[in-house]
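Student: Numbering (UniProt numbering), first residue to last: 1 to 228. Glycine included, every Cβ here is placed at the ideal spot set by N, Cα and C. Keep in mind the model is a prediction, meaning the values are calculated, not measured.
#1: At what residues does the beta strand (DSSP E) containing residue 82 begin and finish?
#2: Which of the three DSSP states is assigned to residue 59 in this structure?
#3: Quick one: what's got a C-beta closer than 7 Å to residue 167's C-beta in the same chain, skipping five residues either side?
#4: Are residue 124 and residue 83 touching if we call contact CB-CB under 9 Å?
#5: Using 8 Å for Cβ pairs, my map puts residue 81 next to residue 97. What's the rounded Cβ distance?
#6: Closest to residue 170 by CA distance: which of 2, 105 and 203 is it?
#7: Please go through the stretch 89-140 and give each complete alpha helix (DSSP H) segment of 4 or more residues, from N-terminal end onward.
#8: Can you tell me the Cα-Cα spacing of residue 25 and residue 133, whole angstroms?
#9: On the premise that residue 161 lies in contact with residue 6, defined as a C-beta separation below 8 Å, what is that separation, rounded to the nearest angstrom?
#10: At 3 residues or longer, and completely inside the stretch 160-228: list those beta strand (DSSP E) runs for me, N to C.
#11: With three or more beta-carbon pairs closer than 8 Å as the criterion, would you say the stretch 216-228 touches the stretch 195-202?
#12: Per DSSP, which residues does residue 42 bridge with? Please list them.
#13: How many Å lie between residue 210 and residue 216 at the Cα?
#14: I want to know whether the stretch 53-60 touches the stretch 99-108 - three or more CB-CB distances under 8 Å.
#15: Using only the alpha-carbon positions, how far apart do residue 172 and residue 153 sit?
#16: At the level of alpha carbons, what is the spacing between residue 68 and residue 8?
#17: Comparing alpha-carbon positions, which option in 38, 164 and 198 lies nearest residue 60?
#18: Closest by CA to residue 129, which one among 138, 140 and 107?
#19: Are residue 116 and residue 131 touching if we call contact CB-CB under 9 Å?
#20: Sorted by chain position, which residues of the same chain lie with C-beta nearer than 6 Å to residue 230's C-beta, five sequence neighbours on each side aside?
#21: Exposed or buried, which one is residue 187 when buried takes at least 16 other CB atoms within 10 Å?
#22: May I ask which residues mark the beginning and end of the alpha helix (DSSP H) holding residue 64?
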């Protein structure tokens, strides 16, 4: 099973995606995002190019719905695919192929798509979306985490989860959060623990990395100043 969420935060302009799945270590194949461009998820019988090519076309100024529709239409394996794509204009679209493991489906709202397969029913996606929307204005990574936790709490899957991940792109070409658990019996709980540790230990350092506007970065600047 897999269920996932891809979103654009209109307040910050950030993009994020997260997923829980029964397969080990597939986070980077399922969740995709690019700063200033969009976010996507690809699952079931995965075609990563639905996300890769989708984001490339969004970068050219196109919108999510026509882009993903065209990509799905051109995919000979579309009946076995599931994908969602979100742009920076409030647009979102998703696809669930007829041969996707049941129960399968998706929810599309402005700025967010939620999709899943091999689930106990639609309640997993409904809980995921509701938890995400209820936390509008909170830290985006934490919203994704709570959405995944709410989905899992419904009983979620007909095949137990093994891995989970979330990624958040702010303004740079590298992620601000990129946290994943590749193989464990309770991946959402492990992801929560890892996010808490990441927030304390690594996030302050990521915020000090070089940016396009500041090629030196705050961390190197602090080291330079410390040696006089």
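Tutor: Reading it off the structure:
#1: What you label residue 82 is simply residue 82 of the chain shown in a count that begins at 1. First-last of the beta strand (DSSP E) with residue 82: 81-87.
#2: By 1-based counting over the chain shown, the position of residue 59 is 59. Residue 59 falls in the coil class under three-state DSSP.
#3: The sequence position of residue 167 within the chain shown is 167, counting from 1. Taken in chain order, the residues that qualify are 16, 17, 31, 33, 175, 177 and 178.
#4: As a first step, residue 124 is located in the chain shown; it is residue number 124 there, counting from the start. As a first step, residue 83 is located in the chain shown; it is residue number 83 there, counting from the start. Not a contact, by the Cβ cut-off of 9 Å.
#5: Position 81 of the chain shown, counted from the first residue, corresponds to residue 81. Position 97 of the chain shown, counted from the first residue, corresponds to residue 97. Right, the Cβ-Cβ distance comes to about 5 Å (below 8 Å), so this counts as a contact.
#6: Along the chain shown, read from residue 1 onward, the residue named residue 170 stands at position 170. Comparing Cα positions, the closest option is 203.
#7: 123-134
#8: Working through the chain shown from its first residue, we reach residue 25 at position 25. Working through the chain shown from its first residue, we reach residue 133 at position 133. Rounded to the nearest angstrom, the two C-alpha atoms are 27 Å apart.
#9: Start at 1 with the first residue of the chain shown, and residue 6 comes out as number 6. Start at 1 with the first residue of the chain shown, and residue 161 comes out as number 161. At roughly 18 Å, the Cβ-Cβ gap does not stay under 8 Å, so residue 6 and residue 161 are not in contact.
#10: Segments of the beta strand (DSSP E) lying fully in the stretch 160-228: 163-169 and 177-181.
#11: no
#12: Locating residue 42 in the chain shown gives position 42, counting from the first residue. 83, per the DSSP bridge assignment.
#13: Start at 1 with the first residue of the chain shown, and residue 210 comes out as number 210. Start at 1 with the first residue of the chain shown, and residue 216 comes out as number 216. Using only the alpha carbons, I get a separation of about 5 Å.
#14: Because the criterion of three Cβ pairs below 8 Å is not met, the stretch 53-60 and the stretch 99-108 do not touch.
#15: Within the chain shown, numbered from 1, the residue matching residue 172 stands at position 172. Within the chain shown, numbered from 1, the residue matching residue 153 stands at position 153. Between residue 172 and residue 153, the C-alpha separation is close to 33 Å.
#16: For the purposes of this step, residue 68 is taken as residue 68 along the chain shown, with counting starting at 1. For the purposes of this step, residue 8 is taken as residue 8 along the chain shown, with counting starting at 1. Going from the Cα of residue 68 to the Cα of residue 8 covers about 16 Å.
#17: Numbered from its first residue, the chain shown carries residue 60 at position 60. Proximity to residue 60 across 38, 164 and 198 peaks at 38, based on C-alpha coordinates.
#18: As a working mapping, residue 129 is identified with position 129 in the chain shown. Here the closest residue by C-alpha is 107.
#19: Numbered from its first residue, the chain shown carries residue 116 at position 116. Numbered from its first residue, the chain shown carries residue 131 at position 131. When the beta-carbon positions are compared, residue 116 and residue 131 stay at least 9 Å from each other.
#20: What is shown of the chain runs 1 to 228, which leaves residue 230 out entirely.
#21: Taking the chain shown and counting its residues from 1, one reaches residue 187 at position 187. With 16 or more Cβ atoms within 10 Å of its Cβ, residue 187 is classed as buried.
#22: For the purposes of this step, residue 64 is identified with residue 64 of the chain shown, where counting begins at 1. Taken as a continuous stretch (DSSP letters only), the alpha helix (DSSP H) holding residue 64 covers 64-73.
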